[in-house]
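Notes for the one structure printed next.
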DNA sequence: GTTCCTGTTGCAACCCTATTGCACTAACGT
DNA sequence: ACGTTAGTGCAATAGGGTTGCAACAGGAAC
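In structure tokens form, the structure reads like this:
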């Protein structure tokens, strides 16, 4: 990993990592190299939805000494702080994404890909559901399953 | 279990059990006492959402020799035939309900109670989602999580 | 009624995701 | 530098479900 030649212009990812770590510290938590690596990996993930296991594997490339249970515990801590959301996709592992990136989820039951849906679309219906049932809906965690365009019957492979 | 004194007027549950078993037979399957017990228990469940484990326990009261894996395999078979739907509630076990009883689900993340929502309400939004994303949504399996009225913060216990 | 083919079952072992108890380590306020 | 205490690695455990295999049993054909 080559560091930027312009330390006075930190990469946005680095700034975001430190911002989250600061939250963690402000919450009475401690900053360890493992946690820094986990947060960095979380932020630099291309797809915004990572499972705990994927994250552990990625982190362990550079930090083989970071245990899977540490990843789980760190994710728990970050979720408890509201920094990220844990989305349970039904089958298989849960996925995590940053909480500031709010949306609903469509997940393909065959290829397990996740498509994000703007929260606006479901808003009015959710309001109506809440009024009818007295539920307080968990809007960032809404998951609707189905078959994505490529997995629909009639499509090749 | 006392049988009806009027065998010419079978109880509705019995008729429904045999109807499902007939489907199973028509599909090339065989009818066993275990399967009959499982289907009967499924149909006489008061709440329409049973987990595989609950079902196994109920069946084993009268049929202790019916194994858990048999329950899973029978439920799989019935689901494959479209007789029932398996709903994955996120955390904890999946629940099953009859497919002819279509609805969406709100599930409380605290007490795990399930409230049914008429399919009509979400229909238009689902159409829109499908058009936008190319997904073919799994309408009977829609689950939205949240806190039910009794578990909302500020309520007693 | 018997036979035979094949679907079904019980059992135990296993998989996957996640959690936990415990002894040890290390962050960070002082 | 030190002490407190949060965080960590490790191994064991839990929950929910699946699977390989040998034995068993529907039920169509005779």
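Protein chains in written order, with the working numbering: chain A, 54 to 210; chain B, 54 to 210.
Heads up, the beta-carbon is just placed ideally off N, CA and C, and yes, glycines get one too.
If you're wondering where the values come from, they're calculated on a predicted model, not measured in any experiment.
Measure how close the beta-carbons of residue i and residue j come, nearest whole angstrom, since I'm counting them as under 8 Å.
{"i": "residue 103 (chain A)", "j": "residue 160 (chain A)", "result": "With 8 Å as the limit, residue 103 (chain A) and residue 160 (chain A) do not qualify as a contact, their Cβ atoms being about 14 Å apart."}
{"i": "residue 163 (chain A)", "j": "residue 189 (chain B)", "result": "Residue 163 (chain A) to residue 189 (chain B), Cβ: 11 Å. No contact."}
{"i": "residue 66 (chain B)", "j": "residue 93 (chain B)", "result": "7 Å"}
Can you grab the Cα-Cα spacing for the pair residue i / residue j, in whole Å?
{"i": "residue 135 (chain A)", "j": "residue 152 (chain A)", "result": "7 Å"}
{"i": "residue 57 (chain A)", "j": "residue 107 (chain A)", "result": "Legend: pLDDT at residue 57 (chain A) = 48, less than 50; position of this residue unreliable, no value from coordinates given."}
{"i": "residue 144 (chain A)", "j": "residue 100 (chain A)", "result": "19 Å"}
{"i": "residue 139 (chain B)", "j": "residue 184 (chain A)", "result": "27 Å"}
{"i": "residue 194 (chain B)", "j": "residue 172 (chain B)", "result": "11 Å"}
{"i": "residue 201 (chain A)", "j": "residue 187 (chain B)", "result": "6 Å"}
{"i": "residue 175 (chain B)", "j": "residue 96 (chain A)", "result": "34 Å"}
{"i": "residue 59 (chain B)", "j": "residue 156 (chain B)", "result": "Only weak support is given to the placement of residue 59 (chain B): the predicted model assigns it a pLDDT of 49, under 50, and the value that follows is read from those uncertain coordinates. Approximately 35 Å, taken between the alpha carbons."}
{"i": "residue 181 (chain B)", "j": "residue 149 (chain B)", "result": "27 Å"}
{"i": "residue 177 (chain A)", "j": "residue 90 (chain B)", "result": "44 Å"}
{"i": "residue 146 (chain A)", "j": "residue 111 (chain B)", "result": "29 Å"}
{"i": "residue 170 (chain A)", "j": "residue 154 (chain A)", "result": "11 Å"}
{"i": "residue 113 (chain B)", "j": "residue 119 (chain B)", "result": "6 Å"}
{"i": "residue 211 (chain B)", "j": "residue 179 (chain B)", "result": "Examination of residue 211 (chain B) is not possible in this model, given that chain B is present from 54 through 210 alone."}
{"i": "residue 131 (chain A)", "j": "residue 64 (chain A)", "result": "22 Å"}
{"i": "residue 168 (chain A)", "j": "residue 141 (chain A)", "result": "14 Å"}
{"i": "residue 133 (chain B)", "j": "residue 76 (chain B)", "result": "12 Å"}
{"i": "residue 84 (chain A)", "j": "residue 165 (chain B)", "result": "35 Å"}
{"i": "residue 105 (chain B)", "j": "residue 68 (chain B)", "result": "23 Å"}
{"i": "residue 137 (chain A)", "j": "residue 199 (chain A)", "result": "24 Å"}
{"i": "residue 87 (chain B)", "j": "residue 129 (chain A)", "result": "42 Å"}
{"i": "residue 203 (chain A)", "j": "residue 191 (chain B)", "result": "15 Å"}
{"i": "residue 126 (chain B)", "j": "residue 117 (chain A)", "result": "40 Å"}
{"i": "residue 80 (chain A)", "j": "residue 109 (chain A)", "result": "24 Å"}
{"i": "residue 158 (chain A)", "j": "residue 82 (chain A)", "result": "31 Å"}
{"i": "residue 242 (chain B)", "j": "residue 122 (chain A)", "result": "Chain B is shown from 54 up to 210; residue 242 (chain B) falls before or after that span and cannot be answered."}
{"i": "residue 78 (chain B)", "j": "residue 73 (chain A)", "result": "59 Å"}
{"i": "residue 115 (chain A)", "j": "residue 115 (chain B)", "result": "56 Å"}
Closest Cβ-Cβ distance between residue i and chain A: below 8 Å?
{"i": "residue 181 (chain B)", "result": "yes"}
{"i": "residue 135 (chain B)", "result": "no"}
{"i": "residue 162 (chain B)", "result": "yes"}
{"i": "residue 85 (chain B)", "result": "no"}
{"i": "residue 159 (chain B)", "result": "yes"}
{"i": "residue 81 (chain B)", "result": "no"}
Quick one: does residue i have its CB under 8 Å from some CB of chain B?
{"i": "residue 178 (chain A)", "result": "yes"}
{"i": "residue 175 (chain A)", "result": "yes"}
{"i": "residue 128 (chain A)", "result": "no"}
{"i": "residue 170 (chain A)", "result": "yes"}
{"i": "residue 190 (chain A)", "result": "yes"}
{"i": "residue 131 (chain A)", "result": "no"}
{"i": "residue 123 (chain A)", "result": "no"}
{"i": "residue 193 (chain A)", "result": "no"}
| message | Output needed in chain order: residues of the stretch 195–209 of chain A with a Cβ under 9 Å from some Cβ in chain B. | response | Correct list: 195, 196, 197, 198, 199, 200, 201, 202, 203, 204, 205 and 206.
| Residues of the stretch 138–154 of chain B whose Cβ lies closer than 7 Å to any Cβ of chain A, in chain order | Cβ contacts with chain A come from 141, 143 and 144.
| message | I'd like the ranges of any beta strand (DSSP E) spanning at least 3 consecutive residues and lying wholly in the stretch 116–195 of chain A. | response | Listed in chain order, they are 137–140, 148–151, 157–161 and 167–170.
| task | Using a Cβ-Cβ cut-off of less than 9 Å, list which residues of the stretch 88–115 of chain B approach chain A; keep chain order. | result | Answer in chain order: no residues at all.
| task | Mind listing, in chain order, the continuous alpha helix (DSSP H) runs of no fewer than 4 residues lying wholly within the stretch 71–119 of chain B? | result | The alpha helix (DSSP H) runs lying completely inside the stretch 71–119 of chain B and spanning 4 residues or more are 86–97 and 105–115, given in chain order.
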